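Chain order of the listed sequences is A and B.
Take the first sequence: its letter number 16 is residue 16 in our numbering, and every next letter is one higher.
Take the second sequence: its letter number 16 is residue 16 in our numbering, and every next letter is one higher.
Even glycine gets a Cβ: it sits at the ideal position worked out from N, Cα and C.
Predicted model only: the values in this text are computed from it and were never measured.
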Amino acid sequence: MRTKGHTSVSNDGWDLIVVGGGNAALCAAIVAAESGRKVLILESAPKVYRGGNSRHTRNFRCMHQGPLSVLTDAYEEDEYFDDLMRVTKGVTDEKLARLTIRESEKCLPWMEAHGVRFQPSLSGTLSLSRTNAFFLGGGKALVNAYYNTAEELGVAVVYDAEVRHVHLERDRFTYVDVNIRGQEHRIFGKSAVLASGGFQADLDWLTRAWGPSAANFLIRGTPYNRGIVLRDMLDQQAESVGDPTQCHAVAIDGRAPKFDGGIVTRLDCVPFSIVVNRDGERFYDEGEDVWPKRYAIWGRLVAAQPEQVGYSIIDSKSLDLFMPSVFPPVKADTLEELGEALGISGNELQKTIAEYNAACRPGTFHPTELDGLATEGLEPPKTNWARPIDTPPYYGYTLRPGVTFTYLGLKVDETARVHTISGPLANVWAAGEIMAGSILGQGYLAGFGMTIGTVFGRIAGKEAANHA
Amino acid sequence: MPEDITLNPFSEAIDEARRQVEICNACRYCEGFCSVFPAINRQRAFADGDITQLANLCHNCRGCYYACQYVPPHEFALNLPAALNDVRQQSWERLARPQAIGRLFHERGVALAAALVAGFAVLFALMAVLQPESGEGFYAYLSHGVMVVVFTPAFLFPLFAIGVSLRAYWREIGGAPVRFGHLVNAVRSAGRMRNLDGGQGQGCNFEDGDRFSNRRRVYHQMVLYGFLLAFASTSSGTIMHYGFAMEAPYGFFSLPKMLGVPGGILMCIGTAGLAYMKMSADKHLGSARVWGGEMAFIALLFFVSLSGLMLYMATGTAAVPTLLALHLGAVLAFFLLMPYSKMVHGFFRFAALVREAQQRDGMP
Ligand SMILES: Cc1cc2nc3c(=O)[nH]c(=O)nc-3n(C[C@H](O)[C@H](O)[C@H](O)COP(=O)(O)OP(=O)(O)OC[C@H]3O[C@@H](n4cnc5c(N)ncnc54)[C@H](O)[C@@H]3O)c2cc1C
Ligand code: SF4
Ligand code: SF4
């Protein structure tokens, strides 16, 4: 590949330039290459970190009318759509949503045919065995399989290639400006698919959107999704969807790395614990619902506390009730010591727990279902799994908000085509997180991110191939 | 309960593997690749003996390295195949009796080569000094009696030493009394190299980065089955000799030859294949320290099988005495080094598979 200097790359004859190197980008590249198009992938990460957030995933949500591959039973369009409506509270585009859901069924065999392998639902996630197909080895194995398939189809891939500008002349894309290992290049192509994810790794942008507290957020995925292309397109009058101020955040282990901590930093202890803030005070009902349903609200709850930090406290009775954590909990023989070890007032912690313990009532504890074991006369209450915290040693985890993705994206139609305020672009399509706001306006449905990326990646690839 | 062996000099590797295993236990993405991950997921805390058992269960298929989102330079620095390989390797050295010899041959290909030369020398000397007055075939150069006197202890001593090691292993990992069903289970896993099939038959990641292939599995089984055939050939010879007074040399359509020749060919191809693939595989996903020793061991096996085949082809020619000395010298070195070379992996692996069958059954 010749990419040296601005002039020599001008006539490389790329039919399609794909911006990004995650799931959506790869699906588009593979489909276009299979139609005989000459495809170039520009991935801003170095090879070891290729694959964006897709390499952190574990499954995708798939409609099916009967048992399909590793999926049990059936999961039909209406149920899927209802699930989506529940989490987004209606903030979705029904036409695009139903299209995504229906297409998801065709995705699974296509994925298998292009090297992806599935495994039965992971231990501890049985509840998903009907709706979500798990990737053998996780998302990075999926990404590897797609890169191998793309390579066999002759797709060219450049790593360390950050696209800085997608050039539009009226309604037509003509070239990208890209920085490859510190050197500026201009590469021309007949069409472009934008699949460069959200902007959550740009902490300045995140702070501008959310407020100064976002500086304390941890980013669960790749540091390379900085929204450069999204910003560039919005600056060129591309139409946007999704709330620009919002991001999806969950409560994760406060000791996680700033970026790329991924799945292992999640903490499943909250329902069996009480959660206090920096001042040792409780602030929300820890037992509101089973954890998968409540997982997502705790990011916001913790983000609203002073210094965006929370502390989940359990005693030895509860230690084995949830998935093991990646870092060992802080451990102490008394609550006072535990508080000090966590860096909060031991006195306050002890007081809060004494009040909580006094509000606990006898009853039967059931870790796997809503057991109705609730506190009495406590504010806020704990409405399930409320057992006294009284059996040393005591354990504590620090919680911080961990951002999964941002909602702001490019508006597309059902052919994945990008629109500007003056109408659709002739040769630019978008897929994956960069356009997911069209369908997922709010909340999150486990496994839906990969579904959107696969469905729209394939559509974008097909449309781009037809155009060239 | 598995033993705690924190006070041993090998615990650094165990600690590193434990650190990684605990990360995997919070992740579980690799659950479908092999038996190691389900074994991890059954537990929350890992004693030293547990880590040693996991290490011997791992077949180094490398699937979990290429699939891992946390490989270096990520700060979690996952490289589970290498971490478990280090622990596994050290367990063989630590549990070898006598311990000092263990490390030497594992690490140094040169030492292994020296042992081979010593094996040659012994055989040439024996043949020079104790040349029989009469005898047919090989026995014309070295009498049956001398062969028995040399090779019986050379075979039994290593087996005894390995037995002692395995007992120590079993104690360390907290193994339970073995039932027949567990053995059957382990034979089945080993017979198909189930833990090298990637979980779905796609094979392992070895010679070509993150691409899967069954080449390594096939070559390995050629060596394994070739070795078993060669072993059966020798055993059948022994039985024919003592049980039926049928003495060597045997013709091509005799049992020892029908088993031995294909066995030798399989071993030759298998070892050559393994050595070739080892050259293109990434050293750092294994125990890099013993790369040389492992290579030398493969070469030794190759030489044993090749010299055996050549000896058969040379029947009746003047090359027989030389080839006989070379072949028997190599066999001698191979036998004596069994407890102290890569060969021991088969025994430990088998023990680990038996233990895994027990734990899957819910035995303590
Ligand atoms: C920890 C974690 C776990 C998750 N688990 C799941 C799950 O199990 N199932 C699920 O469906 N979803 C999951 N998600 C969400 C899922 O990761 C995303 O929805 C999905 O990966 C989006 O795919 P994508 O291809 O659009 O973006 P990505 O996979 O993030 O790819 C974006 C690509 O663009 C590149 N890029 C960015 N900017 C530029 C630029 N300027 N120039 C060139 N390249 C650029 C990046 O390097 C990257 O390769 C998870 C997210 C996280 C963080
Ligand atoms: S090797 Fe990596 S991806 Fe696999 S289970 Fe362990 S941490 Fe997860
Ligand atoms: S290298 Fe292969 S056998 Fe070993 S733990 Fe990883 S996946 Fe399992």
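Residue range of the unbroken alpha helix (DSSP H) whose run includes residue i
| i | result |
| --- | --- |
| A/N466 | 448–467 |
| B/N185 | 180–192 |
| B/V36 | 36–41 |
| B/M365 | As displayed, chain B neither begins before 1 nor continues past 364, which places residue 365 of chain B out of reach and without an answer. |
| A/P514 | Absent from the model: residue 514 of chain A. The displayed extent of chain A is 1 to 468, so no value can be given. |
| A/W385 | Segment: none, A/W385 is in no alpha helix (DSSP H) and carries neither H nor E. |
Rounded Cβ spacing between residue i and residue j (contact assumed at less than 8 Å)
| i | j | result |
| --- | --- | --- |
| B/A77 | B/L54 | The Cβ separation is near 18 Å, so there is no contact. |
| A/E103 | A/V455 | 4 Å |
| A/I314 | A/K258 | Not really, about 26 Å apart at Cβ, beyond 8 Å. |
| A/G432 | A/A24 | 3 Å |
| B/C68 | A/K140 | 7 Å |
| B/R28 | A/L168 | That pair is no contact at about 45 Å. |
| B/M310 | B/L323 | 6 Å |
| B/C204 | B/R192 | Contact doesn't hold; Cβ gap of about 13 Å is too wide. |
| A/A43 | A/G13 | Note that residue 43 of chain A is Glu in the sequence shown here, rather than Ala. With 8 Å as the limit, A/E43 and A/G13 do not qualify as a contact, their Cβ atoms being about 20 Å apart. |
| A/R58 | A/I263 | 7 Å |
| A/M450 | A/L410 | Rounded, the Cβ-Cβ distance is 19 Å, inconsistent with contact. |
Residue i and residue j closer than 8 Å at C-beta
| i | j | result |
| --- | --- | --- |
| A/C27 | A/R458 | yes |
| B/G119 | B/A330 | yes |
| A/G443 | A/G299 | no |
| A/V31 | A/G461 | yes |
| A/D177 | A/R186 | yes |
| A/L84 | A/L445 | yes |
| A/D279 | A/P306 | yes |
| B/V71 | B/N79 | yes |
| B/R62 | B/F206 | yes |
| B/A82 | B/G293 | no |
| A/C269 | A/F322 | yes |
| A/N384 | A/G310 | no |
| A/K38 | A/N427 | no |
| B/R103 | B/E93 | yes |
| B/S35 | B/E356 | yes |
| B/Y225 | A/N144 | no |
| B/L166 | B/F347 | yes |
| B/R97 | B/V164 | yes |
Host beta strand (DSSP E) of residue i (start-end)
| i | result |
| --- | --- |
| A/L40 | 39–42 |
| A/I187 | 183–188 |
| A/D315 | 310–315 |
| A/F135 | 132–135 |
| A/A192 | 192–194 |
| A/L16 | 16–19 |
| A/V276 | 274–276 |
Residue(s) in a DSSP beta bridge with residue i
| i | result |
| --- | --- |
| A/E162 | A/N179 |
| A/P424 | A/H419 |
| A/H64 | A/Y75 |
| A/V330 | A/G396 |
| A/L410 | A/S240 |
| A/C247 | A/T406 |
| A/E169 | A/R172 |
| A/D253 | A/L399 |
| B/S213 | B/C204 |
| A/N59 | A/F134 |
Any non-hydrogen atom of ligand 4 within 7 Å of residue i CB
| i | result |
| --- | --- |
| A/Y224 | Only ligand 1, ligand 2 and ligand 3 can be found as ligands here, which leaves ligand 4 out of the picture. |
Please list the residues of the stretch 21–39 of chain B that have a C-beta atom closer than 8 Å to any C-beta atom in chain A, keeping them in chain order.
Taking 8 Å as the Cβ-Cβ cut-off, the stretch 21–39 of chain B approaches chain A at E22, I23, N25, A26, C27, R28, Y29, C30, E31, G32, F33, P38, given in chain order.
Chain A contacts from the stretch 55–82 of chain B (Cβ-Cβ distance under 9 Å)
Listed by position, the residues of the stretch 55–82 of chain B near chain A (Cβ gap below 9 Å) are G63, C64, Y66, A67, C68, Q69, Y70, V71, P72, P73, H74, E75, F76.
For the stretch 116–133 of chain A, which residues have a CB atom closer than 8 Å to at least one CB atom of chain B, in sequence order?
Those would be R117, Q119, P120, L122, S123, G124, in chain order.
Identify each residue in the stretch 231–255 of chain A for which the Cβ-Cβ distance to at least one residue of chain B is less than 7 Å, and report them in chain order.
Listed by position, the residues of the stretch 231–255 of chain A near chain B (Cβ gap below 7 Å) amount to none.
Got a sec: which bits of the stretch 140–152 of chain A sit with their beta carbon under 7 Å from any beta carbon on chain B, in order along the chain?
Taking 7 Å as the cut-off between beta carbons, the residues of the stretch 140–152 of chain A near chain B are K140, A141, N144, N148, in sequence order.
With 7 Å as the limit, tell me which residues of the stretch 259–272 of chain A have their beta carbon closer than that to any beta carbon of chain B; keep them in chain order.
Hits within the stretch, in order: D260, G262, I263, V264.
Could you list the residues in the stretch 180–200 of chain B with a C-beta less than 7 Å from some C-beta on chain A, going in chain order?
Here the close residues are G199, Q200.
When you check each C-beta in the stretch 323–335 of chain A against every C-beta of chain B, which residues fall closer than 7 Å?
If the cut-off is 7 Å between Cβ atoms, the stretch 323–335 of chain A has M323, P324, S325, V326 near chain B.
Taking a cut of 7 Å between CB atoms, which residues from the stretch 205–221 of chain B lie near chain A?
For chain A, the residues of the stretch 205–221 of chain B that bring a beta carbon within less than 7 Å of one of its beta carbons are D210, R211, in chain order.
Output needed in chain order: residues of the stretch 347–362 of chain B with a Cβ under 7 Å from some Cβ in chain A.
For the stretch 347–362 of chain B, which is checked against every Cβ of chain A, not one residue is closer than 7 Å.
Residues in the stretch 290–303 of chain A with C-beta within 9 Å of chain B's C-beta atoms, listed in sequence order?
Residues of the stretch 290–303 of chain A with a C-beta atom less than 9 Å from some C-beta of chain B do not occur.
Using a beta-carbon distance cut-off of less than 9 Å, what residues from the stretch 26–55 of chain A approach chain B?
If the cut-off is 9 Å between Cβ atoms, the stretch 26–55 of chain A has V48, Y49, G51, R55 near chain B.
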